[in-house]
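Notes for the one structure printed next.
In this note's numbering, the protein residues as written are 2 to 298.
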């Protein structure tokens with residue numbers, strides 16, 4: 002959390018100012034606030050910010066204007082200005098969940114995931130069922146490599162929102178990252194039953210099936226991936242590897258490899274591993290294609 006003494010100083014000033022705000026000033030502030038909302042809805046961040054600032058000068062106690070000013074500043078990329086505006090909100094209401102959530106998001110965008118997580122944890126102390134805070138905190142834990150923490154955070158939410166495909170795919174991804182492959186497959190299959198798997202999801206599911214040595218399902222998932230996004234080089238390469246090393250389908254495997262290379266496949270480690278497969282159809286042709294692409298010597 003940011004400096005409490007600074008927040009108290011702001012609060013003291015606001016209380017003295019609020020006592021002096023006249024009814025006409027409050028009415029005019031409300032008008033400027035609505036003007037700001039109109040500009041915000043149109044994506045005019047600078048104009049929205051200017052209107053909110055006028056509202057705040059007329060009525061320093063208009064917390065909604067301070068909060069919306071922070072939102073407009075975030076959209077404009079002025080994170081320091083947004084945090085300063087949120088200080089005004091949090092000085093009056095330190096338990097304002099929306100303001101704290103926005104502060105956490107800003108800290109995340111500024112590249113401080115640890116501080117952002119601390120604020121999200123504060124949000125969840127105040128509102129343990131805030132879905133956005135749960136989701137974002139889990140994303141941050143994933144980003145910092147805390148897959149166990151990410152799974153623990155998102156698992157209850159995923160269980161209650163089984164029709165949310167985006168949430169389900171994220172849950173499947175962190176399960177896979179956390180080493181729970183069977184659970185990850187089951188989670189991806191639930192999303193697939195909704196017809197909402199993305200090309201990236203299909204690619205991840207294909208990798209999990211291949212790891213489980215269910216190559217028929219792996220091929221089907223990877224074909225769905227490249228069917229949705231034909232330029233997915235890694236998915237084409239995964240198809241090639243299964244066909245060349247497991248299905249011994251040299252013709253189709255070479256075609257998939259050519260498509261992977263044409264799509265820009267550049268993973269030298271994976272290329273070397275392919276050539277090290279004990280059984281590999283069309284080994285010489287594969288080696289030549291990889292050499293021409295500069296992936297092996």
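Positions of the beta carbon are idealized from the N, C-alpha and C atoms, including for glycine.
Treat the numbers as computed from the prediction; the structure is a model and nothing was measured.
How would you label residue i, buried or exposed, when you count the other beta carbons within 10 angstroms and need 16 or more for buried?
| i | result |
| --- | --- |
| residue 130 | exposed |
| residue 217 | exposed |
| residue 67 | buried |
| residue 193 | buried |
| residue 91 | buried |
| residue 285 | exposed |
| residue 61 | buried |
Cα-Cα, which of the options is closest to residue i?
| i | options | result |
| --- | --- | --- |
| residue 134 | 122, 94, 218, 53 | 122 |
| residue 355 | 153, 138, 228, 46 | With the chain represented from 2 up to 298, any question about residue 355 goes unanswered, as that position is not in the structure. |
| residue 160 | 180, 146, 184, 148 | 184 |
| residue 237 | 66, 248, 223 | 223 |
| residue 279 | 141, 243, 258 | 243 |
What are the boundary residues of the alpha helix (DSSP H) that includes residue i?
| i | result |
| --- | --- |
| residue 38 | 24-42 |
| residue 132 | 132-144 |
| residue 163 | Looking at the DSSP string, residue 163 is not in any alpha helix (DSSP H), and its letter there is neither H nor E. |
| residue 258 | 251-263 |
| residue 202 | 200-212 |
| residue 195 | Residue 195 -> no alpha helix (DSSP H), and no H or E assigned at all. |
| residue 223 | 216-229 |
| residue 114 | 114-127 |
Taking Cβ positions, are residue i and residue j nearer each other than 7 Å?
| i | j | result |
| --- | --- | --- |
| residue 98 | residue 124 | yes |
| residue 53 | residue 37 | yes |
| residue 283 | residue 255 | yes |
| residue 87 | residue 76 | no |
| residue 155 | residue 177 | no |
| residue 203 | residue 167 | no |
| residue 246 | residue 281 | yes |
| residue 234 | residue 264 | yes |
| residue 213 | residue 262 | no |
| residue 33 | residue 65 | no |
| residue 173 | residue 189 | yes |
| residue 80 | residue 111 | yes |
| residue 59 | residue 30 | yes |
Assuming residue i and residue j make a contact with CB atoms under 8 Å, what is their CB distance in whole Å?
| i | j | result |
| --- | --- | --- |
| residue 287 | residue 276 | 7 Å |
| residue 95 | residue 73 | So it is not a contact: roughly 22 Å between Cβ atoms. |
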